[in-house]
Amino acid sequence: MSVSSLRFTEASGPQDAGEHMWAEDLGQLDMDQDRYEEERTEEARRLRSSARELLERAAGELTRADRERLIDQARWQLQQANDPLPQKRQALERREQITMRSCGRPAVLVRPSLPGHREVYHRDETCGLISGDGRHVTHAGWTPVGEAEAAGYRPCARCGG
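According to the working numbering, the sequence shown holds residues 8 to 168 in order.
Okay, here's the thing in structure tokens:
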């Protein structure tokens, strides 16, 4: 999982970066919520309309077995209309949880690392573990702490990340 980031030089410090990114995340969350609600409403409307058509067809069926089959299909579609987009709802809820974990907290520094290496996030820009041996703090980026944690980053042992 990748994390969004702000270049190191684009913020004056962790608090500034955290506030900036949190405000952006909230704006994006609002847009995502609105889009989800529109899609959910349209899909629920489609399912209810389909259920209505099935019930109308069931009323015209001569055999009891066909009527019951159509009624069962209509019932299933009505149940689906209560939560027509469960995966999108779950993704939105997960994004909301990540944003809430970052709420009001300073951003943390992460730097690109090789796949498979254990990623670490840092709170202190002067931490010796983020720079040195050819690594420079300017190669790191600010990211909300909730996103870093959700992506599997762990706190730095030295700076208390």
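C-beta atoms are modelled at their ideal positions from N, C-alpha and C, and glycine is treated no differently.
The model shown is predicted, which means the values in this text are computed figures rather than measured ones.
For residue i, three-class secondary structure by DSSP
| i | result |
| --- | --- |
| glycine 135 | coil |
| arginine 116 | According to the sequence as given, residue 116 is leucine; it is not arginine. DSSP places leucine 116 in strand when its eight states are reduced to three. |
| threonine 70 | coil |
| glycine 141 | Since pLDDT at glycine 141 reaches only 49, below the 50 mark, its modelled position is unreliable, and the value read off the structure follows with that caveat. Coil, per DSSP. |
| glycine 148 | strand |
| tyrosine 43 | helix |
Best match in the options for proximity to residue i [C-alpha to C-alpha]
| i | options | result |
| --- | --- | --- |
| arginine 108 | Ser19, Gly20 and Gly25 | Gly25 |
Run of the alpha helix (DSSP H) containing residue i, from where it starts to where it stops
| i | result |
| --- | --- |
| threonine 106 | 93-109 |
Beta-carbon gap between residue i and residue j smaller than 7 Å
| i | j | result |
| --- | --- | --- |
| arginine 118 | leucine 136 | no |
| glutamate 50 | leucine 92 | yes |
| leucine 99 | tyrosine 160 | no |
| alanine 147 | methionine 28 | no |
CB contact below 7 Å: residue i versus chain C
| i | result |
| --- | --- |
| arginine 108 | Going by chain labels, chain C is absent from the structure shown, which holds only one protein chain. |
Close beta carbons around residue i, own chain, < 8 Å, minus the five adjacent residues each side
| i | result |
| --- | --- |
| isoleucine 78 | Leu61, Leu62 and Ala65 |
| arginine 55 | Gln84, Leu85 and Ala88 |
Beta-carbon contacts of residue i that lie in its chain and below 6 Å, excluding the five residues immediately before and after
| i | result |
| --- | --- |
| glycine 153 | Ile105, Arg108 and Ser109 |
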